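K.L.:
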Amino acid sequence: MDGDGRAGSPTAGKAWSGPQSTCVTCATRFAKAGLARLYSLDQTARVQTSPPRRPAARPETDVMASRRRCQKRDRYIGRPRVSRRMLATVAGVLVVAGCIVGFGAAPRAVSTDLSGPHPDGTAKYYVSIGDSYAAGYRPIPPGAGSTSTDGFAYQLEESLRARQPDWRLVNFGCSGETSSAMTFDRGCEAGAGGPGGQQYPNDPQSIAAAKFIADHGSQVGLVTIVMGGNDILPCARDSDPDQAWACAEGQVPKVRQNLDALLSRIRGTLGPNVPIVGASYMNVFLADQLSGDPQTQAHASIATTLFRDYLNPVLAETYKKYGAPFVDTTALAGGYLPVTEVTELAGRGTVPASVGWICALTYYCTNDDPHPNRDGHALIAREIEKRLAP
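Be aware that the sequence shown starts at 1, since it is given in UniProt numbering, and climbs by one per residue.
1. For Glu383, count neighbouring C-beta atoms within 10 Å of its own C-beta (all shown protein chains included) and say buried if the count is 16 or more, exposed if not.
2. Would you report the Cα separation of Gly347 and Pro142, rounded to the nearest angstrom?
3. If I follow the unbroken beta strand (DSSP E) through Val355, where does it start and stop?
4. Which residues in the same chain as Leu361 place their Cβ atom closer than 7 Å to its Cβ, once the five residues preceding and following it in sequence are excluded?
5. For Asn312, which option in Asp368, Ser354, Val226 has the closest C-alpha, if you only look at C-alpha atoms?
6. Pick helix, strand or coil for Val274, following the three-state DSSP scheme.
7. Assuming contact is defined by CB atoms lying nearer than 8 Å, are Gly228 and Gly173 in contact in what I supplied?
8. On the CB-based measure, 16 or more other CB atoms within 10 Å of its CB, does Asp242 come out buried or exposed?
9. Using only CA atoms, which one of Tyr319, Asp231, Pro370 lies nearest to Ile276?
10. Below 8 Å between beta carbons: does that hold for Ala192 and Asn171?
11. In chain order, which continuous runs of the beta strand (DSSP E) of length 3 or greater are located wholly inside the segment 197–272?
12. Here's the rule I'm using: 16 or more other beta-carbon atoms within 10 Å means buried, otherwise exposed. How should Leu388 be labelled?
13. Quick one, which of Asp328, Ala324, Gly323, Gly151 has its alpha-carbon nearest Thr304's?
14. Tell me the DSSP bridge mates of Val342?
15. Sort Val314, Arg308, Tyr322 by Cα distance to Ala331 and report the nearest one.
16. Beta-carbon separation of Thr149 and Ala135 under 8 Å?
17. Just to confirm my understanding: we take Glu177, look at its own chain, exclude 5 residues before and 5 after, and list those with CB closer than 6 Å. What are they?
18. Compute every distance between the C-beta of Gly217 and the non-hydrogen atoms of the ligand NAP, then say whether any falls below 7 Å.
19. Taking the alpha-carbon positions, what's the Ser180 to Glu344 distance?
20. On the DSSP bridge list, what partners appear for Gly193?
21. DSSP three-state label for Tyr319, please.
22. Straight-line CA distance for Asp240 to Trp167?
23. Out of curiosity, what's the CA-to-CA distance linking Glu249 and Leu315?
24. Which value, in whole angstroms, describes the spacing of the CA atoms of Glu317 and Ser264?
25. Tell me the DSSP bridge mates of residue 439?
26. Return the residue from the list Pro195, Phe285, Val355 that minimises the CA-CA distance to Gly151.
27. Is DSSP giving Pro372 helix, strand or coil here?
28. How far does the beta strand (DSSP E) with Tyr154 in it extend, from its first residue to its last?
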């Protein structure tokens with residue numbers, strides 16, 4: 001999927017060739033789960049570069065005042081309301097996800113000795129900046145949660161090192177941070193950073209990352225950024241469309257401003273040739289269509305508009321301004337599929353294919369948690385790696 005939001009079709013009809021794959025013929029498994037058509041699609045994300053559908057800005061509302069609640073204290077991109085009855089319906093879909101996006105091996109130990117240049121000066125640093133997506137948050141153990149090497153940054157590092165052992169991940173990701181927190185708030189709460197992640201008690205994340213890049217510029221080979229999901233969290237939680245749009249009109253400009261400032265600084269340091277890749281988020285609220293509560297069901301269409309017409313176009317435009325590819329993770333996870341595209345979920349019957357994607361690639365349907373699972377992170381890692389020159 002390129003900056004225009006177009007997603008390439010995942011592998012269909014042949015064995016997955018990624019590391020540690022256990023599939024012989026993926027298409028057979030896809031068909032059994034009713035997802036063969038889904039994975040043969042050449043999706044086109046309906047990301048627009050024109051202004052959002054709502055033409056006029058609205059005054060700040062009480063909804064927007066809740067933004068601070070998703071900083072630091074709230075490490076979730078969203079909070080689901082899907083019934084526990086959903087738990088038994090997605091086992092087959094999850095098996096399919098393991099087949100499709102098995103990117104890396106099991107979780108591994110992480111080296112934390114990254115404060116200075118490699119002893120022989122040959123280390124190639126991959127710098128990860130962002131929120132819980134970057135930190136690899138997962139709801140394990142249940143009710144508590146923690147960060148893990150399931151995250152896309154760790155899986156991507158593993159793939160890069162398989163080709164060139166000198167790659168080292170330097171992860172500044174911090175769960176729960178909005179774009180403003182990354183820009184202005186010092187430090188990262190204990191336990192909110194990724195395994196082996198960087199400590200920066202005296203600086204905001206964006207400043208700490210920019211300092212590292214300035215100090216190690218010649219050794220930095222890749223930067224990834226995931227920013228903005230926690231900014232629109234209060235908007236996506238609102239079941240009143242007018243309130244949601246007003247919220248987005250207040251939040252998204254802040255994302256643009258904060259992301260632009262970060263990109264300007266690090267692109268100016270790195271020059272034009274070092275890849276910077278941005279990514280967005282899976283629209284887990286699509287699975288709220290399975291709820292019996294009309295207000296909860298409304299989140300699906302509201303969140304689709306928020307991603308498609310508000311957040312993702314701004315992200316795509318800002319990354320493009322600095323020559324940085326953009327992975328529209330919303331599209332990657334089926335977020336823009338028409339409702340006419342359907343699949344089967346055991347115990348639920350025919351459901352939108354987009355719901356099948358969300359249940360397969362996130363914890364939303366199984367653990368009441370909106371973060372990607374290992375397979376979801378693997379899919380993001382693969383798409384980022386596709387943006388890198390061979």
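By construction, the Cβ of each residue, glycine as well, lies at the ideal position given by its N, Cα and C atoms. Bear in mind the structure is a predicted one, so any value in this text is a computation, not a measurement.
P.N.:
The structure says:
1. Per the 10 Å Cβ criterion, buried.
2. Rounded to the nearest angstrom, the two C-alpha atoms are 24 Å apart.
3. For Val355, there is no enclosing beta strand (DSSP E); the residue is part of the alpha helix (DSSP H) that begins and ends at 353–361.
4. Scanning its chain for C-beta atoms nearer than 7 Å, with the 5 sequence neighbours on each side dropped, one finds around Leu361 the residues Ala97, Met282, Ala333, Pro372, Asn373, Asp375, Gly376, Leu379, in chain order.
5. Per the Cα distances, Val226.
6. Coil.
7. If you check the CB distance, Gly228 and Gly173 do not come in under 8 Å.
8. Classification of Asp242: exposed, given that the 10 Å Cβ count is below 16.
9. Selected option, being the one with the closest Cα: Tyr319.
10. No.
11. Complete beta strand (DSSP E) runs here, min 3: 220–226.
12. Note on Leu388: under 16 other CB atoms within 10 angstroms of its CB, so exposed under the neighbour-count rule.
13. Of the candidates Asp328, Ala324, Gly323, Gly151, the residue whose Cα lies closest to the Cα of Thr304 is Asp328.
14. Note: Val342 sits in a beta bridge opposite Pro352.
15. Comparing Cα-Cα distances from Ala331 to each of Val314, Arg308, Tyr322, the minimum goes to Arg308.
16. Using a Cβ distance threshold of 8 Å, Thr149 and Ala135 do not count as a contacting pair.
17. Taken in chain order, the residues that qualify are Asp131.
18. This structure simply doesn't include the ligand NAP, nor any ligand for that matter.
19. Rounded to whole angstroms, Ser180 to Glu344 spans 41 Å at the Cα level.
20. Answer by DSSP bridge pairing, in chain order: Cys174.
21. Taken through DSSP and simplified to helix, strand or coil, Tyr319 comes out as helix.
22. Whole-angstrom Cα-Cα distance: 47 Å.
23. Counting only the Cα atoms, Leu315 lies some 14 Å from Glu249.
24. Taking the straight line joining both Cα atoms gives about 14 Å.
25. A question about residue 439 goes unanswered here, because the residues of the chain that appear run from 1 up to 390.
26. Ranked by how close their Cα comes to the Cα of Gly151, the residues Pro195, Phe285, Val355 have Pro195 in first place.
27. Of the three classes helix, strand and coil, the one that applies to Pro372 here is strand, per DSSP.
28. Residue range 152–163 is occupied by the alpha helix (DSSP H) that includes Tyr154, with no beta strand (DSSP E) assigned at that position.
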